[in-house]
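*Asks:* Could you have a look at this structure, given as structure tokens, before my questions?
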Amino acid sequence: MREDPIVAEIRRFRAEHAAKYGHDLDRICEVLREKQAKSKRRVVTRNPRLLVEKPTKKSVSVCNNSSSTH
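Quick note on our numbering: the sequence shown kicks off at 1024 and runs consecutively.
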């Protein structure tokens, strides 16, 4: 399977970035928070969306009765 050059570039950047901070996730997050705080861009925080429960076979109505006449 041929490797996608874009995926390879992203992986290379990710590896270099992690190595820059000693593969320390806490340090990486700290640096990103500092960068975000210095940014002039507005940060939008949204509430999580609620997932709608999928209907089960028991909850499906019995409206498709083949013996009914129209």
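Built from N, CA and C at the ideal position, the CB exists for glycine as well.
Check this for me: beta carbons of I1033 and Y1044, under 7 Å apart or not?
*Replies:* No, they are not a contact pair.
*Asks:* Can you grab the Cα-Cα spacing for the pair R1065 / E1057, in whole Å?
*Replies:* Cα to Cα, the separation comes out at about 14 Å.
*Asks:* Considering only residues of the same chain and omitting the five flanking positions on each side of V1041, which have a CB-CB separation below 8 Å?
*Replies:* Looking at the sequence provided, one finds Ala at residue 1041 rather than Val. So the list reads I1051, once near-sequence residues are dropped.
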